[in-house]
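I have placed the structure first, in the form of structure tokens, so that the comments after it can refer back to it.
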């Protein structure tokens, strides 16, 4: 059966399409007001719905983003709220939605798609590659000391959430433009997602708090956190959840985390979605006590391969030829010669041969061709091909990091 997949036409359709994934989260969005709030960031025409007759049985959305890549930014479809009702699984609906969505992303001039995978096994079949690693930690207070003494230029202050955006958004943007994997945030995004604090999202904790780290009197870092208070036998047994911590430079980073680590009345400091190259690994006196656990982060899909490769910077202008296989979007398949930041079709012999998903894995700089050759996922078509490709794709930048799940 060829499923009818098309963008939603009104809020009623939008809510039902989002409700396909919301079914698994207890019926979200609960009402039209919630759907309206969600649609302030996800336009109706960016939400695809799958119809079985008059019934909407699946949905897939894509936020309009700018994604930071090595040396620049690229327009990106931020894939979100993808789901099929349990009554309609295993019928090809997800494949139909993915095809319609990726074609729509390409037609809108967005060369790249990105997502967080609720189940990582799903999206490789549609050409997504694991592009970044994310970490989480649970650090006991007794082991929270830093190796270096405090910097006297640093001072912290709490800021009300309704006043925080004007202070912290510029810090975020300064870090974003040089960190692959980070995304643009509109005013509405800040207000409805980052700084919003509805009681039903607190998971038993207190209110969301914002702390700003000033260096020499200028805002240089911020953190959003939530306190989960608990006492056992008269001693603190609760924890602090660090929701997001962003700082502009090594000293602000260290001093911001000192504020969080030194917080009273907690047994553990917990943090999620940390960059895999987080400085705390080197700054802590007891890094082993972080209990650092890593998992998959952002997944990337090159939708328009030539435009996507042309959007980032490279460590060398030397040519390298990639033979790419893309069965889901076959117009990307074939041999591409990349030289001087320009990707063009070619008949030249390839250096490496790979699936488009593996190209997505190296795109942000999180992984190398050599790693994937050693994993058996990339074929070295010419001797030394992986080393040549890595020399071209190498660019001085932090490891890719996306600090939020969308």
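In my numbering, the protein residues as written are 7 to 412. Here a beta-carbon is modelled for each residue, glycine too, at the ideal position from N, C-alpha and C. Because the structure is a prediction, the values reported are computed rather than measured.
query: Helix, strand or coil for residue 171? Go by DSSP, reduced to three states.; result: helix
query: Roughly how many whole angstroms lie between the Cα atoms of residue 103 and residue 220?; result: 46 angstroms
query: In terms of alpha-carbon separation, which member of 336, 342, 337 and 313 lies closest to residue 325?; result: 342
query: Would you decide whether residue 375 is buried or exposed? Buried here means 16 or more other CB atoms lie within 10 Å of its CB.; result: buried
query: Do residue 371 and residue 403 have their beta-carbon atoms positioned less than 7 angstroms apart in this structure?; result: yes
query: With distances taken Cα to Cα, identify the nearest neighbour of residue 283 among 305, 259, 266 and 306.; result: 259
query: Can you tell which of 377, 293, 401 and 356 has its C-alpha closest to the C-alpha of residue 148?; result: 293
query: Looking only at its chain, what residues have a beta carbon closer than 7 angstroms to the beta carbon of residue 332, apart from the 5 residues adjacent to it on each side?; result: 133, 338, 339 and 362
query: For residue 456, which of 114, 235 and 264 has the nearest alpha-carbon?; result: Nothing can be reported for residue 456, as the shown portion of the chain is limited to 7 through 412.
query: Assign residue 486 to one of two classes, buried (16 or more other C-beta atoms within 10 Å of its C-beta) or exposed (fewer than that).; result: Examination of residue 486 is not possible in this model, given that the chain is present from 7 through 412 alone.
query: Roughly how many angstroms separate the alpha carbons of residue 228 and residue 266, rounded to a whole number?; result: 10 angstroms
query: Can you grab the Cα-Cα spacing for the pair residue 251 / residue 206, in whole Å?; result: 22 angstroms
query: May I have the straight-line CA-CA distance separating residue 110 from residue 15, to the nearest angstrom?; result: 15 angstroms
query: Run through DSSP, which three-state label would residue 215 get?; result: strand
query: Going by beta-carbon coordinates alone, are residue 6 and residue 348 separated by less than 7 angstroms?; result: This structure does not reach residue 6, given that the chain is present from 7 up to 412, and the question cannot be answered.
query: In terms of DSSP beta bridges, what is residue 57 paired with?; result: 10 and 62
query: Rounded to the nearest angstrom, how far is the Cβ of residue 71 from that of residue 194, given a contact under 8 angstroms?; result: Not a contact, Cβ separation roughly 13 angstroms.
query: How big is the Cα-Cα spacing for residue 336 and residue 98?; result: 19 angstroms
query: Out of 321, 120, 130 and 290, state which residue places its alpha-carbon closest to the alpha-carbon of residue 152.; result: 290
query: Skipping 5 residues on each side, what residues in its chain have a beta carbon closer than 6 angstroms to that of residue 302?; result: 126 and 136
query: Given residue 396, which residues of its chain have a CB within under 7 angstroms of its CB, disregarding the five upstream and five downstream residues?; result: 374, 375 and 376
query: Pick out whichever of 224, 203 and 144 has its Cα sitting closest to the Cα of residue 177.; result: 224
query: Which word fits residue 86, buried or exposed, when buried means at least 16 other C-beta atoms lie within 10 angstroms of its C-beta?; result: buried
query: Exposed or buried, which one is residue 31 when buried takes at least 16 other CB atoms within 10 Å?; result: exposed
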